[in-house]
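Visitor: Sharing a structure here in C-alpha cells format.
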C-alpha cells in the first residue's frame, strides 16, 4: 500500500529497513504487514491527509541526530521492537519518560542537563523534540521521586519550559522488558492527555484515573448518581475534597494548599458528609469518593 503512495506524493522515499536518521522535512509512516517505511515530504501533505495516514499507518519519529551505538540499540528495541541489547541478565533497569512543553525546545541543550543529575551514566533516547526516555541501569540508589521533582523545577527555570516525568518502576533485564516499558508508556500518554499537569507522575498516581476512565458507562452513571451530582452543584466542594484526599486526610496541609482556614476546611468537609452520608475517615468511604472525584474531573 505504501508503494502506491509513492506515485501520489513525489519525492517520497520508500525504505525496507528503519532509517537511522532523516531530515525534519519528512513525515515517516510504517506499514506493519509489508514491513516498509515511507518518508513523505511535509510540504506535500495537508492536515487532513496527515490525519488519514496516521489512522492507516503508524507514524514513526526518527531522531534527527545520530545516536551512540548503545542508545541506537535501545531506541530500536523499545520503540520499534528491534533486537535486545546484549547486557547482563542480572541487570535491573528503570525507564524515566519525560515530556517537554515549550517553544524552541532544543534536545541538544536539555539532554546534558538531564544527564548531569545522575551519578551513573544513563542513556537518553528521544522520540521527537518534546518526548524522551532516560534509561537507567540500577547499580545503586539513584534519584528519588523528590529529587526528580527538584530536577524538573531546575530545568523549567533554566530553559523556560514545562517538563513532566513518568517515574518508572525497576525491572530485571528480561524478554518482558519492552512490554513493561510499553505499558508504562501507555500510562504516561494517558496522563498527558487526561490528567491535570504535574511534574512527577508514577504508576500509583495514574492508575486510579486510568481505571476510572475505562469503567463501563453504566458504572460511571451509578457513581454520578450517588456522588458526582454533589460536585456539579458545588465545584468548590469538589476541589476541597479532592485535595483533602490527595493529602492523606491531613487537614493542616490541605488548608495550607487551598489557602483557607482550618475551620473553613472542616465546614466544607462536614457539608459534604451531610449531603452524601459518606464518611471520609473510613478507607472505603475515602476510596469511593476519590473515584467519584476522578470521574467528575474527566467530565470537566
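Residue numbers (the numbering used here): 6 to 305. Don't be surprised by glycine CBs; every beta carbon is placed ideally from N, CA and C. Since the structure is predicted, the reported quantities are computational estimates derived from the model, not experimental observations.
1. Report the rounded CA-to-CA distance for residue 116 versus residue 132, giving the unit in angstroms.
2. Mind checking residue 64: buried by the 16 CB within 10 Å criterion, or exposed?
3. From what residue to what residue does the alpha helix (DSSP H) around residue 77 run?
4. Please report the distance separating the alpha-carbon of residue 165 from that of residue 90.
5. Which residues share a DSSP beta bridge with residue 39?
6. Pull up the CB-CB distance for residue 281 and residue 248, whole angstroms please, since I reckon it's below 8 Å.
7. In chain order, what are the residue ranges of uninterrupted alpha helix (DSSP H) at least 4 long that sit wholly in the stretch 247-298?
8. Let me know if residue 338 comes out buried or exposed under the rule of 16 or more other beta-carbons within 10 Å of its beta-carbon.
9. Would a C-beta distance cut-off of 8 Å place residue 140 and residue 79 closer than the cut-off?
10. Given a cut-off of 8 Å, decide if residue 270 and residue 260 are closer than it, judged by their beta-carbon atoms.
11. My understanding is that residue 195 touches residue 205, with C-beta atoms under 8 Å, so please give their C-beta distance in whole angstroms.
12. Can you say whether residue 173 is buried or exposed, counting buried as having 16 or more other CB atoms within 10 angstroms of its CB?
13. Going along the chain, which residues of its own chain have a beta-carbon closer than 8 Å to the beta-carbon of residue 284, five neighbours each way excluded?
14. What is the DSSP secondary structure of residue 127, counted as helix, strand or coil?
15. Please name the residue or residues paired with residue 169 in a DSSP beta bridge.
16. Just reading off the beta strand (DSSP E) that residue 19 is part of, what are its end residues?
17. Considering only the alpha carbon of each residue, which of 296, 242, 252 and 298 lies closest to residue 275?
18. Would you tell me roughly how many angstroms separate the C-alpha atoms of residue 21 and residue 33, rounded to the nearest one?
19. Assuming residue 142 is part of the beta strand (DSSP E), what are its boundary residues?
20. Nearest-angstrom Cα distance between residue 99 and residue 253?
21. Between residue 50 and the rest of its own chain, which residues show a CB-CB distance below 8 Å, the 5 nearest in sequence each way excluded?
Guide: So, to answer that:
1. Reading the chain shown from its first residue, position 111 is the one you call residue 116. Reading the chain shown from its first residue, position 127 is the one you call residue 132. C-alpha separation (whole angstroms): 13 Å.
2. Within the chain shown, numbered from 1, the residue matching residue 64 stands at position 59. The residue in question, residue 64, is exposed, as its Cβ has fewer than 16 Cβ neighbours within 10 Å.
3. Along the chain shown, read from residue 1 onward, the residue named residue 77 stands at position 72. First-last of the alpha helix (DSSP H) with residue 77: 74-85.
4. As a first step, residue 165 is located in the chain shown; it is residue number 160 there, counting from the start. As a first step, residue 90 is located in the chain shown; it is residue number 85 there, counting from the start. The alpha-carbon atoms of residue 165 and residue 90 are separated by roughly 35 Å.
5. The count along the chain shown starts at 1 and reaches residue 39 at position 34. Residue 39 pairs with nothing; no bridge assigned.
6. Position 276 of the chain shown holds residue 281. Position 243 of the chain shown holds residue 248. Their Cβ separation, rounded to whole angstroms, is 17 Å, which puts residue 281 and residue 248 out of contact at 8 Å.
7. 256-263 and 267-281
8. This structure does not reach residue 338, given that the chain is present from 6 up to 305, and the question cannot be answered.
9. Locating residue 140 in the chain shown gives position 135, where the first residue counts as 1. Locating residue 79 in the chain shown gives position 74, where the first residue counts as 1. The answer is yes: Cβ separation under 8 Å.
10. For the purposes of this step, residue 260 is identified with residue 255 of the chain shown, where counting begins at 1. For the purposes of this step, residue 270 is identified with residue 265 of the chain shown, where counting begins at 1. Yes; because the gap between Cβ atoms is below 8 Å, this pair is in contact.
11. What you label residue 195 is simply residue 190 of the chain shown in a count that begins at 1. What you label residue 205 is simply residue 200 of the chain shown in a count that begins at 1. That pair is no contact at about 16 Å.
12. If you number the chain shown from 1, residue 173 lands on position 168. By the 10 Å Cβ count, residue 173 comes out buried.
13. For the purposes of this step, residue 284 is taken as the residue at position 279 of the chain shown. Only 278 and 290 meet the Cβ criterion.
14. Position 122 of the chain shown, counted from the start, is the residue given in the question as residue 127. Here residue 127 sits in coil by DSSP.
15. By 1-based counting over the chain shown, the position of residue 169 is 164. In DSSP, residue 169 forms a bridge with 104.
16. Walking along the chain shown from the start, residue 19 turns up at place 14. Looking at the DSSP string, the run of the beta strand (DSSP E) that includes residue 19 is 18-20.
17. Mapped onto the chain shown, residue 275 falls at position 270. The candidate whose alpha carbon is nearest that of residue 275 is 242.
18. Residue mapping note: residue 21 aligns to position 16 of the chain shown, counting from 1. Residue mapping note: residue 33 aligns to position 28 of the chain shown, counting from 1. Approximately 13 Å between the Cα atoms of the pair.
19. Sequence index remark: in the chain shown, residue 142 carries index 137 (1-based). Where residue 142 is concerned, the enclosing beta strand (DSSP E) stretches over 136-142.
20. As a position in the chain shown, residue 99 is number 94, starting the count at 1. As a position in the chain shown, residue 253 is number 248, starting the count at 1. C-alpha separation (whole angstroms): 27 Å.
21. In the chain shown, the residue the question calls residue 50 occupies position 45. Excluding positions up to five away in sequence, the list reads 14, 32 and 58.
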